[in-house]
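For the protein sequence lines, the chains are A and B, in the order given. According to this note's numbering, the first sequence holds residues 1 to 340 in order. According to this note's numbering, the second sequence holds residues 1001 to 1841 in order.
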Amino acid sequence: MTVLPGFSASRPWGGLAAAGSALALAGCSGRQSALDTAGYEARVVGELFWWMLAASVVIWVLVMALSLYATRRRREPWSGRAAARLILICGAILPTIALAVLLVFGLRLMPVLRAPGEDLRIAVEGQQFWWRVTYELPDGSRVSSANEVRLPRGRRTEFVLTAQDVIHSFWVPPLGGKMDMIPGMTNRLVLEPERTGRFRGACAEFCGASHALMALDVEVMEPDAFEAWLRSRRDPAPPPPGAQEGATLFLANGCGACHTVAGTPAAGRIGPDLTHLSERPSIAAGILPNDVDNIARFIRHTRDIKPGARMPSFAMLSPEDSASIARWLSAPAGTRMETP
Amino acid sequence: MSQTDSQTRREAQEERLNKVWDSDKGWRYWSAVNNTEVGVWYTVTSFAFFLFAGALALMVRAQLAVPDNDLLSPSLYNQAFTLHGTAMMFLFAVPIFEAVAILLLPTMLGARDLPFPRLSAFGYWCFLIGGVFVCGSIFFNAAPDGGWFMYPPLTTDPKLTGIGADIWLLGLSFIEVASIAAAVELIVGVLKCRPPGMRINTIPLYCWYVLIVGGMILFAFPPLIAGDILFELERLADWPFFDPARGGDPLLWQHLFWIFGHPEVYIIFLPSIALMAMIVPTFARRPIIGYSWIVLAAVGTGFLSFGLWVHHMFTTGLPAISLGFFSAASEAVAIPTGVQIFVFLATMLAGRVTFSVPMLFASGSLAIFVIGGLTGVMVAIAPFDWQAHDTHFVVAHLHYVLIGGMLMPLFAGAYYYMPLVTAKPLSARLGRWVFWLMFTGFNIGFLPMHFTGLRGMPRRVFTYPGGIGLDWLNLVSTVGAFIFAAGVLLFTWDCLFGVRRRKTCETNPWNAGTMEWISPLPAQNYGIRSVPEVASRYPLWDQPDLAREVAEGRWYLPDAEEGKRETLVTSVLDSRPLQCLRVPGNSFMPMICAILIGASFIGTAFHLYWTSLVLGLLGVFAIMVWLWRGTAVIPEAEAKDIGRGVVLPLYVSGTKSVGWWAMFITMFGDMTAFVSLVFSYFYYWTIHEQFPPLGMDGLPRGPGLLWPALALLLVAAAWGAMLLARARNAAGSAAGLRLSLAASVLLALGSGACMLWAPWQAGLQPTDHAYDGIVWVLLIWTALHLALGVLMQFYCLARSFAGKLTTRWDIDIHNVVLFWHFAALTGLTTIAVVTLVPLLA
């Protein structure tokens, strides 16, 4: 097997390491953090966490102080009655009160956080190991994408979550909690972004060999920008200009059986939609920065980079051919040509 | 009698006791069944699995030390974390409880042994075989890799998960059976094998916990076994129980798994608290404060633990009302836990604490466990759990709970009880090193992990990208894990090499108050020298002459004149002596049975069905031989003087016999598994609008009415015939017994045939729909019980013809009739469910 410089097929993670750090430089630290919040639910739950943490520290310190005091040799032993009263008060009554308060707070939070969303719905379907994304617009039209979600700031957006093969879980920590995607079920999750920026989500339910390699790019935009972007996606892609070699190779190698590239005969539904690949910050479900080299490498070494992926490694392609497919896919949609 | 005479007599008694209770020499040593041997093997084996699972954890931590690491392949990593969790839970945490209980319980109860020593040995061999099978798979790159929770459809799809899933299901089912066997043994031990006078409200706290945990095992493990059956049927025979395309539901597995999995946490945690309950009073130099409080709290924890399972499923999209209910229940369980902790603190405060290594571990355990408890309170709040669930926050939480609540107290127990087992202490100096290495290593390893999780790191990931705030937290955790491991290794070294170089301890080295410390060290194989009347919760503190009297053989059963192993059986509540129980001695039968049944399970994992069937039948035959030769043995006399003029019968049957209790308790576990299958049936009903699904003719499917009704009629008649058999036997008619048994055999076979014919003639295809599958499973389950009942009837017939089952010697018929009560109830329930639901639809 030919091996690209700087990348060994038997040690694929060495290659990922470089890619990973490059990706990290692109984004800022904390874009997957539930404590660095950018959404309503995450903020409320984050505040709850800090309160619970503070209370816990106080309780822990008190219990430890009591136990240290208990082990001091030079002190009068307590009477049996005083000790029994301690069990009653500190072991039973105080915890009951504290827990009741916390519980009431938590229960009251649930309907608020899980209130229905507004008119924007995004269907996300989990698959080993990527996300199919479909924007379902109020007028009934749909916009397809994959591995990236764009959201308008300040709007309660409803996610319709399903899974195609095994259980996955949809989680964008800076925006809110997670929700499982279970075959045969449709789950709903409403998120309300509060600040713009680029964030990272991840699959939170173990879903097989490459569970660790199933991430999601999330971009929160200003509502106007979001509307404009969505409108541009809804319109059919502009007529493609001149022929390109990558397109021919893409179709000749059967890529179109699984992938859709709008405006070309490639209309497969098995793999991610690649129409607007050039706009996404990463490829392969959030694990490699989106550039021509990485796309080319992923085509030829798919299952080394992503063990258990359904797409086979197209190792029979020459590096040149895979590079020209990658160049074609990297070109902004609309500049691609329709093949004969 | 002169001084020397009584001295000589005592020595002769001791020699006889020793001879009777000794293990064989050479290779026959492995035929031992006594709790002093089996308990030690069990403990050492489960500790070895702990070290193995710990090594896997270090592999996992090494892989996660730096981002994008390529130390382990994803496949090996997934096997490592799956096996780490599996081995820690099934091969260490639960078995070590059973091991320690088998080892200690007889000493605490002043019993010579537990009532069914060969069952303990059988459980041990099952555990060893199953454990080696499951763990060994990783060396062939064939270990389970779907997580210890095995969620379908990932793990039911043979294309996605290989033989590892079968190894997990079959290997662990085999071990679970052994766990249930041990639980039955321990429950009967606590209820029936106490010293005279030790009423139920004065038993050592450890025994209370054993009773509670034994009961929990009985109700928690069977749902998992039921789940395993459905799971393995889907994997091997394509019955679609968890396949949504054919009427199944992946969530059903999650319910069954966590109905087991959450009580499991408390099954692991309570026995360690039990050790604390023995240690703390000893070092506080006073009886425990709030004995009834802690018992009630433990019972409460046990009950509540069965109502929490859905908090593992807060993110599965269940309705808010369930989340609220289970959120409240999960918070509520913190209260009895808090009571137990404050009982210890109160006892310390009301006493004067002498510090020692066991107390050091106990205090460290408190410091760690309280953190785990507090984070547990956090994740019980559903909205917080939506963030924390399946992240490293939960990894941190559960390790704080289990290391603080289970491992540290266990180490405290190891330092405390080592002299009881080996007569030699562990080093206090090394012990402090062990403690501080483990304590600091643990906190360095797991405290940062809370933040790793909240910063967005999911669980069960083999890698993570650099630069998103996870790098140094993970590195610190890895360093901590290795420091912790150093402490464990130092402890292991001291156990293996340090202990044997030390001097033998004096008797009762900690000056404790409970029975287990009454005997001089080193302890003898026969355990206690004579069984005393116990009048207090802390007899060694309150009855100053007791130890001397016991050692001089002045109490009950000081001798083994007939060369038989004997122990006392007492009444459940007030511990009146009822029987002098002859317990069976050394035998290879338990090992042979375990090997045959184990091989049958292993063969099934490799799809060698015929081999498995043959081995399984051989295993059943071996069990029959074991029972025939070792149980319900007719004694040479009706009764025996056990000393002090007390004469006890040597043979009792019915509710007075330990065997009857064991059957009763076992059948409770069996019914729990059955109820779990019925639960699955009704679960399918709730998720389908049309249930049962419509057949070809457009009518709801079902097994029909005629054949099930006939089956019910026949099973009722078979049960009636069994009652008649018992009555005829009691009336002295051997012919009546045999005729009724034979009639019952025929009726039961007829009933079983009708049960299987009903779905067959109705054309129910188990691979078509989960409904068809679950109907078949319920009917097969019932038919198998009838088959087992028939086997027992043949056994009784054979015993009757061999003169081993008569009007006077009637243990067998009583126990078999008891089985038939449950079998008939199973039949009635099954038929009612499978026939009535289609009528309602």
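Backbone N, C-alpha and C define an ideal beta-carbon position, used for all residues, glycine too.
Taken through DSSP and simplified to helix, strand or coil, G1227 of chain B comes out as helix. Residue pairing of D217 of chain A in beta bridges, as defined by DSSP: A:E148 and A:R200. Inter-residue distance for E1011 of chain B and L1172 of chain B is about 47 Å (C-alpha atoms, whole angstroms). Ranked by Cα distance from V1333 of chain B, the first of A:A54, A:A262, A:V57 and A:A100 is A:A100. The alpha-carbon of E118 of chain A is positioned some 12 Å away from that of P152 of chain A. A Cβ-Cβ separation of about 11 Å leaves P1425 of chain B out of contact with P1358 of chain B under the 8 Å criterion.
Look at the region 1374-1391 of chain B: the residues with a C-beta under 9 Å from a C-beta of chain A are L1374, T1375, V1377, M1378, A1380, I1381, A1382, P1383, F1384, D1385, W1386, Q1387, A1388, H1389, D1390 and T1391.
By the Cβ-count criterion, F1326 of chain B is buried, with 16 or more other Cβ atoms from all chains shown falling within 10 Å of its own Cβ.
For Q1254 of chain B, the uninterrupted alpha helix (DSSP H) run begins and ends at P1250 to A1284, by DSSP. Around I1371 of chain B, the beta-carbon contacts reaching into chain A at under 7 Å are W60. Counting only residues of its own chain and dropping the five nearest sequence neighbours on each side, V292 of chain A has a CB closer than 7 Å to the CB of A323, A326, R327 and S330.
When the five nearest sequence neighbours on each side are left out, the beta carbons in the same chain lying within less than 7 Å of the beta carbon of G1752 of chain B are those of A1783, L1786 and A1787, in order along the chain. T1567 of chain B carries a strand assignment under DSSP once its states are collapsed to helix, strand and coil. Under the DSSP definition of a beta bridge, V124 of chain A partners with A:V133 and A:L161.
Here G1413 of chain B really is in contact with I1279 of chain B; their C-beta atoms are around 7 Å apart, less than 8 Å. With a threshold of 8 Å between beta carbons, E1331 of chain B makes contact with chain A. For P173 of chain A, there is no enclosing alpha helix (DSSP H), as DSSP gives it neither H nor E.
When rounded, the separation of the alpha-carbon atoms in N1078 of chain B and A209 of chain A is 7 Å. A Cβ-Cβ separation of about 5 Å places F1241 of chain B in contact with A1770 of chain B under the 8 Å criterion.
In the three-state DSSP reduction, D1385 of chain B falls in the helix class (H, G or I).
A direct Cα-Cα distance of roughly 35 Å separates L1017 of chain B from G1131 of chain B.
Membership of P1649 of chain B in the beta strand (DSSP E) is indicated by the continuous run V1647 to P1649. Note that the C-beta distance between L1224 of chain B and E1176 of chain B is below 8 Å. Look at G1480 of chain B here: in three-state DSSP terms it is helix.
The alpha-carbon separation between R1728 of chain B and W1168 of chain B amounts to approximately 47 Å. Contact with chain B is absent for D224 of chain A, since none of that chain's Cβ atoms lies less than 8 Å from the residue's Cβ. Straight across, the Cα-Cα distance linking W1021 of chain B with R1112 of chain B is about 9 Å. Proximity to L189 of chain A across A:F226, A:P265, A:R303 and A:V112 peaks at A:V112, based on C-alpha coordinates. Out of B:G1585, B:G1110, B:R1061 and B:G1261, the CA that lies nearest to the CA of M1216 of chain B is found in B:G1261.
Look at M1348 of chain B: its C-beta is under 8 Å from a C-beta on chain A.
Note that the C-beta distance between G1773 of chain B and A1823 of chain B is not below 8 Å. Taking 8 Å as the CB threshold, W130 of chain A stays off the interface with chain B. Here M181 of chain A is bridged, per DSSP, to A:H168.
Here the region 1476-1485 of chain B does not lie against the region 191-200 of chain A, with fewer than 3 beta-carbon pairs under 8 Å apart. The DSSP-derived three-state label of D1145 of chain B is coil. Under the 8 Å criterion on CB atoms, I1444 of chain B is classed as non-interfacial with respect to chain A.
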